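Peer 1: Let me give you the structure first, and then I'll get to my questions.
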Amino acid sequence: MAVGIDFGTTNSAIAVAEGEEVRLVPLQGAPHWRTVLFFEPSHALSAGAPAIARYLETEGEGRLVQSIKSHLASAAFKHTYIFGRRWTLDDMIAAYLRQLRAASPIDLGKRAVVGRPVRYWGAEDDEDDERALGRMREALGKAGFEEVVFEYEPVGAAARYAARLDHDELIVVADFGGGTTDFSVVRVGPKRSEVLANGGIGVSGDAFDARVIDAVVSPALGRGTRYRDELGGEAPVPA
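This is the structure in structure tokens:
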């Protein structure tokens with residue numbers, strides 16, 4: 340059995356391949372999990388759908404962390420403190436992956452193929468990209484995955500498409516994710532898969548959300564208006 344993990348900025352999923360059959364692994368009844376962590380003052384930690392449920396149950400009395408993948412390439416992010424405990428980025432991702440593994444109804448073993456963007460969000464050069472890969476490898480190791488192979492995310496999608504072909508094609512695959520948008524040019528067919536080019540940019544779903552908030556949500560909540568302060572003067576919102 341081969342295990343594939345899609346650790347995404349917004350959602351994560353697991354697939355297994357046995358012979359010619361490839362299927363998604365249900366995660367507590369869902370095909371994927373939100374890539375979020377919820378830290379509580381008691382130091383209880385939940386991930387995925389349970390994290391969102393706990394966030395709502397506690398009315399936000401804790402720390403909800405999302406889009407952690409987008410910090411992998413950052414040299415500035417060394418660690419953070421959450422309710423007095425020191426967390427490195429790979430520790431947080433490992434905590435998420437351990438709970439993802441626990442949510443799987445089957446034993447995932449120690450080997451996995453893991454998707455990666457062509458260029459990690461925020462990576463300006465190869466050194467940044469290698470930093471991101473190193474952190475991911477460290478996190479996966481802490482979560483029990485000792486043998487890991489990384490594959491470009493759009494190349495993985497191309498393999499899925501190629502599996503149903505009876506002829507050769509030249510295709511462009513676009514992967515629009517939460518943190519990055521990636522492209523691959525691949526020649527595929529029943530007996531071939533040749534990657535000709537890859538490219539990626541750190542603009543995708545999170546950036547789109549930010550634009551919507553900036554253009555629609557924030558003005559509806561008062562940004563750009565003014566209010567009268569206690570001294571009788573006027574101040575902009577937000578002050």
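Take 340 as the starting number for the sequence shown in the working numbering and just add one per residue. We treat Cβ as the ideally placed atom computed from N, Cα and C, and that holds for glycine. Please read these numbers as outputs of a predicted model, since none were measured by experiment.
1. Between K408 and T348, is the Cβ-Cβ spacing less than 8 Å?
2. Taking Cβ positions, are S406 and G541 nearer each other than 8 Å?
3. With contact counted as at least three CB pairs below 8 Å, one residue from each stretch, are the region 424–431 and the region 441–461 in contact?
4. Helix, strand or coil: how does DSSP classify Y420 here?
5. For E486, name the three-state secondary structure that DSSP assigns.
6. Go through its chain and collect everything with a Cβ distance to R565's Cβ below 6 Å, but skip five positions before and after it.
7. Sort R526, F422, S385 by Cα distance to Q438 and report the nearest one.
8. Between F484 and the ligand FMN, is the CB less than 7 Å from at least one heavy atom?
9. Identify every residue that forms a DSSP beta bridge with W460.
10. By Cβ distance, which residues of its chain are closer than 8 Å to G528, with the 5 residues on each side in sequence left out?
11. Could you give the residue range of the alpha helix (DSSP H) that holds E466?
12. Give me the residue from Y394, L411, Y420, G454 with the minimum Cα distance to S351.
13. Can you list, in chain order, the residues of its chain whose CB lies under 8 Å from that of H382, leaving out five sequence neighbours each side?
14. For F547 and A451, what's the separation of their Cα atoms in angstroms?
15. Please check the pair V511 and F522, which I expect to be a contact at CB under 8 Å, by giving their CB distance rounded to whole angstroms.
16. Report the rounded CA-to-CA distance for F377 versus L436, giving the unit in angstroms.
Peer 2: Judging by the given coordinates:
1. The sequence position of residue 408 within the sequence shown is 69, counting from 1. The sequence position of residue 348 within the sequence shown is 9, counting from 1. Cβ atoms of K408 and T348: closer than 8 Å.
2. Residue numbering aside, residue 406 sits at position 67 when the sequence shown is read from its first letter. Residue numbering aside, residue 541 sits at position 202 when the sequence shown is read from its first letter. Their beta carbons are not under 8 Å apart, which means S406 does not touch G541 by this criterion.
3. no
4. Position 81 of the sequence shown, counted from the first residue, corresponds to residue 420. Y420 falls in the strand class under three-state DSSP.
5. In the sequence shown, residue 486 corresponds to position 147, counting from 1. Of the three classes helix, strand and coil, the one that applies to E486 here is strand, per DSSP.
6. Here residue 565 is taken as the residue at index 226 of the sequence shown, counted from 1. Result list for R565: E573, P575, in chain order.
7. By 1-based counting over the sequence shown, the position of residue 438 is 99. Nearest of R526, F422, S385 to Q438, Cα basis: S385.
8. What this structure holds is no ligand at all, so the ligand FMN is not there to describe.
9. On the sequence shown, residue 460 is found 121 positions in, with the first residue counted as 1. According to DSSP, which records beta bridges pairwise, W460 is partnered with nothing at all.
10. Here residue 528 corresponds to residue number 189 of the sequence shown, with the count starting at 1. A501, L504, H506, D507, E508, listed in sequence order.
11. As a position in the sequence shown, residue 466 is number 127, starting the count at 1. Membership of E466 in the alpha helix (DSSP H) is indicated by the continuous run 465–481.
12. By 1-based counting over the sequence shown, the position of residue 351 is 12. Answer by Cα proximity: G454.
13. Here residue 382 refers to the residue found at position 43 of the sequence shown. So the list reads F422, R424, once near-sequence residues are dropped.
14. For this step, residue 547 is matched to residue 208 along the sequence shown. For this step, residue 451 is matched to residue 112 along the sequence shown. Near 31 Å, if we compare the C-alpha coordinates of A451 and F547.
15. Walking along the sequence shown from the start, residue 511 turns up at place 172. Walking along the sequence shown from the start, residue 522 turns up at place 183. Right, the Cβ-Cβ distance comes to about 6 Å (below 8 Å), so this counts as a contact.
16. Translated into the one-based positions of the sequence shown, residue 377 becomes position 38. Translated into the one-based positions of the sequence shown, residue 436 becomes position 97. Taking the straight line from one Cα to the other gives about 14 Å.
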